[in-house]
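K.L.:
Got a structure for you, questions after.
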Amino acid sequence: MSRFLRAATHAGKTGVGFNVEIVLHKLTCSDPTAKETELVYPIITRGSHKVKGQPAPILSSHEVHWVEETLSFHCTMYRTKQQTFQAKPFTVDVVKAENDTLVCSFEVDLANYTSEKNHGSNSYSLVVQPKKALGNASLMMSLATSLDTERSVTASSTTASRTLHDNDTRDVSESTAESPPKRGSANIVASRRITFQMPAEESHAIAESEPDEEDRPSTAQFAAQAMKYDQTIKELQAKIEATNEAQRRSTDEIQLWRVKYDELEATHTTTLEELREVKEKKAKAEKEVVLRRTELQTAMESSSRVNVVQLERIRQLTSLNEELRGKVAELQLVVEKQMAAPSSPLRHVASWSEGVGAIKPVDADLEKYQAGPVEPSNTVAGELVRLQADKKNLEEKVATLQREFETLENQLFERSSELQHLLELHSRCNQTISAKAAELAQAQEEIQRLESQYGAGGGNRREQDGESDNDELVAMLQRNLEEVQEDLAAMQTKNSQLRDAKAKVEAELCKRLAEIKRAKSDNSMLNPSQYEELNVKIREQADRIRELQNQLESTQMELTKAQESKTDQVRNVLNAHFPTQVQMEALQSVRQTSTAPPSSPAVDSEVGYLKQQVRELKDQRDRIQDELNEKSLEFQQALDMHVRMQRDGVQQLNDVEAQLEAQGHRLVILQAQMKCLEDEKTTWMNDKQALERVIEEKTMQEKASIALAQVNEEVVQARIDESNAVFKAELMSLKSDLEVTADENEHLKAEIKALSAKSSFEHSDASALRSQIQDLKNEVQHLQYELSEKIAEMDEWTRKHDANQVESEIQIALEAKSSECSSVTQKLKACEEELQELKQRLQSQEDAKNDEMEKLLQERTDEWMTAKDELAKCAWELEQMKAQRAQELAEKEQVEKDESPDVRQVQVEFKFAKDQLTSCELELETLKVVNQQLETKVQDLEAKISTTKSSEECLDQIKKENEYFQTELVETKVKLAQLQEKHDDLTSEHKKIEKEWLMLKIQSAEAALKAAKKK
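The sequence shown lines up with residues 1 to 1015 when you count with the UniProt record's numbering.
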């Protein structure tokens, strides 16, 4: 009705086409659910036409900004009596992009913004309030309209022309659902007939000539109208036959669908059976996995019992490795210290140690000695082989370390011998310097004494010995001075060399002292072997210091003896040349000569000669005195230099003695520590002997356990091989089954694709049938209008003429139509019954499938629950192991405070338990790997089951399509019911027409009787 009302409002009006462009600018919305940076997009709807815009984000100010978002559509406007346009609303909906929920909606009427001014082009800026929103909102937009010059402007006199020019398909869809109007009175039908067949002017002329009832149509016109009526009836019959054929096709298609449905049902049952078989196989595999897990646990327990001795051996090897690491670290520290020492002061010492090999770098060997992580092995034999290889490697490393340690000890001994040689040289140089100084002092004293004696009795000595003795004395003194100067120069060079050597020795002593301090600080962490090495080194150092002290005492004794011998030699020489006592006889003769009076001139001549000799001797004495003064100055300078050198040597000796005293004090402390260490060593040795006894007992047990381990390994390996073979066979069978199921699934997918293609083709056929039905409806409506017109004409014609013949023809046509309608109703009833049966069958099949799916889901949930329970048990066991480990660590920390042999035994047991725990963890990791592999296999099976589910989804899709076709059938049923209603209306009208014909017959009979009576 709305379509006809709209057509009535548009009757006689001219449609004007407009192109509408809308530009969106800004949207403000206070929706509390709108989130920041959430995307929204606009949709403009007019009728069934929709135009979608680009998405834009919501800002923090609850605003949405569009940049030149332009949306356009076409619209046809119709004028009213006031020459304005009729209302034509459109809506702007803002929708969230995430879940397609409506944010707000705006409605705008185009009639307020369209006009033909300015050649139909207008533009407006609007702020629109919402029609429906979650909060207050507003929309800023621009609207521009322009005339559509490409389409011709036409008048809409009929409903068909109006529907052609109006693009509002919503009106068409609404009009199809409504039933045609009922037949009205004769005048209304006549007016409809005239307006439907003729233009407006002719209809107006006929309407004016209608009241003239005397002008009746001729028989030729009536025959032409009857022919037209027959043609229309034939066309209707052809259309009814076409509809019957279409219905037959639909029934054939329904049968085909039934056959396809049966085939799909059969395939579904086969897939369900295959799924059941797969589930049974899966249950068997899980049972076998549980059995294998129990077997592995038993094997692990047996292997853990057998591997106790092996773990103890591993612990010993690890302790040896740690000791070797400590030694290597100490050697590395020594090498680093030697490398860090400056090269310039040690250059001379290195020249003394020519021929000694260079120190090898330790970093390369340290990289070899680093122990790698223990890789888990599958069998005990593999672990034994690996442990033996590790033992060999460790023994080789220990041998290399011992060789390097021996080379380092040899180098240290050579350096110590060189240092001892330097100390001896230094002591000898000091002794020679002191001896030379003593000799110079004695020579100076003798010279002074000789000068005094020479002054007293110089004349007599010259007279007796002569000038030769004086010359020999001066030459001897000069030679002594030259020797002393040469000795002083040599001693100065030796002193400088000794100072350098002393500095180097002090540096080495400082390093040794630092090492001793470090050893003292780390003595609590040393091993018994290291204690023994330190004891040996300390004893060697003490022996060397004692030897040095003995050498110093012997050199001092030798120096004193040498000094005494040198003084005796110098005294003898001086006594030989300058006798200290004058003979008493010579003195008495001199005195006598001096007291006796001169006797003669010969005596005077002798006196003069003696005086002359005395003067010459005085001159010689003066020269000798000058030379002695010069020599004494030179001696004084040499003595000063010697005193300075002696002072420096004494100071150096004092420093060395202080250092020796400090080292002696440190040696006393170290000896006390060594006594304590020896006591501890005795305790360690006792413990070691006890441990060796225990080890001997364990070796006996180890031999027995090795034999048992070999037997257990063979048994376990055989079991594992058997289980692996069975498992591989089952996996191969499962793989073959899965391949078969995959092929079947692919076949099903191909069939489903073919069915979907056929369904799409049939859907297109159904759409074509819908369009044909729509055309038939329109034609039926037109035929109804024509029938109403024909009935009106027949009424008029029957009033004027006797219509017995026409009545008979109409009666025959009506009977044919009634028979056809009855046949159509019977066919419709049969189709309804078949559809009802299909519905019942589909419902039963759906119920059965739903029950089966529920059972499958319940079974899968049960399986997952069992798997979760097993995982929970494993997690609980791991937590218990961790708690035990933490408890054992706490007990270890408490026990480490005490250092008794019982505590050490507890530590050994704790290490053994720790090794057992590591082995258990490794086994748990292997079990986890096996569990992960099984989980992957289960996932693969589930994926393949999901592929079967995909086939079920295809079946669901087919079901949905079937439901869609069922809805289409229901709609066709509704339409058929409407047609049935129309048929009932036509039958009622036919009955009315029959009654009217009877009334007309009665009236005609009465008129005939009246006319006969009048005659």
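The beta carbon of each residue, even a glycine, is placed where N, CA and C say it ideally should be.
With T70 as the anchor, note down where its beta strand (DSSP E) starts and where it stops.
P.N.:
Going by DSSP, T70 is part of the beta strand (DSSP E) stretching over 63-78.
K.L.:
So what does N122 bridge to, in DSSP terms?
P.N.:
T145, per the DSSP bridge assignment.
K.L.:
Which of the three DSSP states is assigned to L139 in this structure?
P.N.:
strand
K.L.:
Can you confirm whether the segment 39-58 touches the segment 82-99 when touching is taken to mean that 3 or more C-beta pairs between the two stretches lie within less than 8 angstroms?
P.N.:
yes
K.L.:
Out of curiosity, what's the CA-to-CA distance linking H49 and H74?
P.N.:
Taken atom to atom, the span from the alpha-carbon of H49 to that of H74 is near 10 angstroms.
K.L.:
Please state the DSSP three-state secondary structure of Y113.
P.N.:
coil
K.L.:
Quick test of your reading: E69 and L27, contact by CB under 8 angstroms. State the CB separation rounded to the nearest angstrom.
P.N.:
That belief does not hold up - the Cβ atoms of E69 and L27 are roughly 10 angstroms apart, past 8 angstroms.
K.L.:
Whose CA, out of T400, D775, S632, H65, lies closest to the CA of P55?
P.N.:
Per the Cα distances, H65.
K.L.:
Let me see if you follow: with CB-CB separation under 9 angstroms, is Q613 close to chain D or not?
P.N.:
The structure shown contains no chain D, having only a single protein chain.
K.L.:
When you measure from the CB of M881 to every non-hydrogen atom of the ligand GDP, does any distance come out below 8 angstroms?
P.N.:
With respect to the ligand GDP, the structure shown offers nothing to examine, as it has no ligands at all.
K.L.:
Does the distance from the C-beta atom of K790 to that of Q225 stay below 9 angstroms?
P.N.:
yes
K.L.:
Please identify the residue among E981, I254, E486, T76 whose C-alpha is closest to the C-alpha of E968.
P.N.:
I254
K.L.:
Would you call D93 buried or exposed, if buried means 16 or more other Cβ atoms sit within 10 Å of its Cβ?
P.N.:
Around the beta carbon of D93, 16 or more other beta carbons sit within 10 angstroms, so the residue counts as buried.
K.L.:
Taking the alpha-carbon of A137 as reference, which of A34, D679, Q858 has the nearest alpha-carbon?
P.N.:
Answer by Cα proximity: A34.
K.L.:
What's the call for Y78, buried or exposed, on a 16-neighbour Cβ count within 10 Å?
P.N.:
buried
K.L.:
Do L143 and S115 count as a contact pair if the criterion is CB distance below 9 angstroms?
P.N.:
no
K.L.:
Do you know whose CA, among C29, T45, L71, K81, lies nearest P57's CA?
P.N.:
C29
K.L.:
Please name the residue in L291, V20, E107 whose C-alpha comes closest to that of R719.
P.N.:
L291
K.L.:
Return the chain-ordered list of same chain residues with a C-beta closer than 6 angstroms to the C-beta of T37, the five sequence neighbours on each side being excluded.
P.N.:
When the five nearest sequence neighbours on each side are left out, the beta carbons in the same chain lying within less than 6 angstroms of the beta carbon of T37 are those of P57, in order along the chain.
K.L.:
For residue 1072, does the three-state DSSP call read helix, strand or coil?
P.N.:
Residue 1072 cannot be examined here, being either before or after the span of the chain that is shown, 1 to 1015.
K.L.:
So, for E786: in the same chain, excluding its five sequence neighbours on each side, which residues have a beta-carbon less than 7 angstroms away from its beta-carbon?
P.N.:
T232
K.L.:
Rounded to a whole number of angstroms, what is the C-alpha to C-alpha distance between K1010 and E796?
P.N.:
23 angstroms
K.L.:
From what residue to what residue does the beta strand (DSSP E) around T91 run?
P.N.:
89-96
K.L.:
Assuming E268 and M141 make a contact with CB atoms under 8 angstroms, what is their CB distance in whole Å?
P.N.:
Residue 268 is actually His in this sequence, not Glu. Wrong, their Cβ atoms sit about 55 angstroms apart, outside the cutoff.
K.L.:
Buried or exposed, going by whether 16 or more other CB atoms sit within 10 Å of the CB of I22?
P.N.:
I22 is classed as buried because its beta carbon has at least 16 other beta carbons within 10 Å across all chains shown.
K.L.:
For Y964, does the count of other Cβ atoms within 10 angstroms reach 16, so buried, or fall short, so exposed?
P.N.:
exposed
K.L.:
For the beta strand (DSSP E) containing K81, list its first residue and its last residue.
P.N.:
Here K81 belongs to no beta strand (DSSP E), and DSSP marks it neither H nor E.
K.L.:
Quick one: using the 10 Å Cβ neighbour count with 16 as the cut-off for buried, is A358 buried or exposed?
P.N.:
With a pLDDT of only 40 at A358, under the threshold of 50, the placement of this residue in the model should not be trusted; the figure read from the coordinates follows. So A358 counts as exposed.
K.L.:
Identify which residue in I812, D626, V716 has its Cα closest to the Cα of T294.
P.N.:
V716
K.L.:
Could you say which of E540, A830, S632, R693 lies nearest to Q247 if we only look at CA atoms?
P.N.:
A830
K.L.:
Specify, as a first and last residue, the run of the beta strand (DSSP E) that T45 falls within.
P.N.:
39-46
K.L.:
What residue does the beta strand (DSSP E) around K50 start on, and which one ends it?
P.N.:
49-52
K.L.:
Compute the beta-carbon to beta-carbon distance between P89 and V108, rounded to the nearest angstrom, for a pair I have assumed lies under 8 angstroms.
P.N.:
7 angstroms
K.L.:
Decide if W257 is buried, meaning its Cβ has at least 16 other Cβ atoms within 10 Å, or exposed.
P.N.:
buried
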